[in-house]
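In terms of numbering that gives the first Met the number 0, the sequence shown is residues 0 to 231.
Backbone N, C-alpha and C fix where the C-beta goes; we use that ideal spot for every residue, glycine too.
The structure appears below as structure tokens.
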Amino acid sequence: MSATTGRVPVIGVAGWKKSGKTTLTIRLVAEFTRRGLKVATVKHAHHAFQIDDGETDSARHRRAGARQVAVVSGARWAIVTELDGAPEPNFEEVIAALEPADLIIVEGYKSAQIPKIEARRLASFTRRPLADEDPNIIAIAADHPVEHSTLPVYSLDDIIAMADLIDRTVGPLEGRVARAAAEATARIDQGDALDSGGIEPPSDASRGDVEVGEELPAAAPAGDADDDPANR
């Protein structure tokens, strides 16, 4: 069981149809976002989905034969790729296509070798529990009592407790937030240094003590910046 793909922690939410996995995924995304994490998600669909209707310009591009269509605005952007009969990308390829994040939450992909929480609702519980056959499941989230389970069992509404479990399993995630903040501060500091030419003010020792009326030595002629070995 791999808790990370590349360097990004990954957690899955699995379950049979109508088990509550989408609601659980959404609430976990909201909780980790509240904690300051940058979250990405992956959703596996078992049908031919549409993200634009037949009247949009991008849909018309696609119908005309474009294999890829990029739609870009100031708020968001997306690339739609037509498979044209080719196999769908595997799980690792999908993860690799995402931008850097602090945590990736995956809905579906029951066979993926990642730690997962199994969602269960009594009204839709008509098939064998996934946890009986998947050693990657680390907990069960249910709306009914679960007897004889060797795994932790949570209410579907106990989002904070499940988020804490995920943090212990694939984290610590708070450390990623702290590192991201430190890196952002470093980038800002570096930008400030570049704005000032990368020159820090001289220390008292480098200035020396100058008496009033004392003649200062002439400054050395300024050379071409390209002659500086640091700029080569």
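Residue j beta carbon less than 7 Å from that of residue i
i      : j      : result
Ala39  : Leu97  : yes
Val7   : Ile103 : yes
Val12  : Thr22  : no
Ser18  : Arg167 : no
Asn135 : Lys109 : no
Ala77  : Phe90  : no
Among the options, the one whose alpha carbon lies nearest that of residue i
i      : options                          : result
His46  : Gly107, Pro134 and Arg33         : Gly107
Glu259 : Ala118, Asn89, Ala100 and Ala111 : Because the chain here runs from 0 to 231, residue 259 falls outside it and cannot be looked at.
Ala85  : Arg66, Gln112, Ile78 and Pro114  : Arg66
Ile165 : Lys20, Trp15, Leu27 and Phe48    : Leu27
Pro151 : Ala140, Arg61 and Val9           : Ala140
Thr55  : Val70, Thr80, Val145 and Leu121  : Val70
Lys16  : Glu117, His60 and Glu87          : Glu117
Pro144 : Phe124, Ala160, Arg34 and Asp133 : Phe124
Ala95  : His60, Val41, Arg61 and Asp131   : Val41
Ser148 : Asp131, Thr32 and Val169         : Asp131
Whole-Å CB distance - residue i paired with residue j, under 8 Å assumed
i      : j      : result
Glu30  : Ile113 : Not quite, the Cβ-Cβ distance comes to about 19 Å (not below 8 Å), so this is no contact.
Leu155 : Asp163 : Between Asp163 and Leu155 the Cβ distance is about 16 Å, and since that is not below 8 Å, they are no contact.
Val9   : Val105 : 6 Å
Ile238 : Val79  : Because the chain spans 0 through 231 in this model, residue 238 falls outside it and cannot be assessed.
Gly14  : Leu121 : The pair is not a contact, with the Cβ atoms about 12 Å apart (cut-off 8 Å).
Asp52  : Ala44  : About 17 Å; that fails the 8 Å criterion.
For this session: Return the chain-ordered ranges of every alpha helix (DSSP H) run that is complete within the segment 73-136 and spans a minimum of 4 residues.
Result: 90-95
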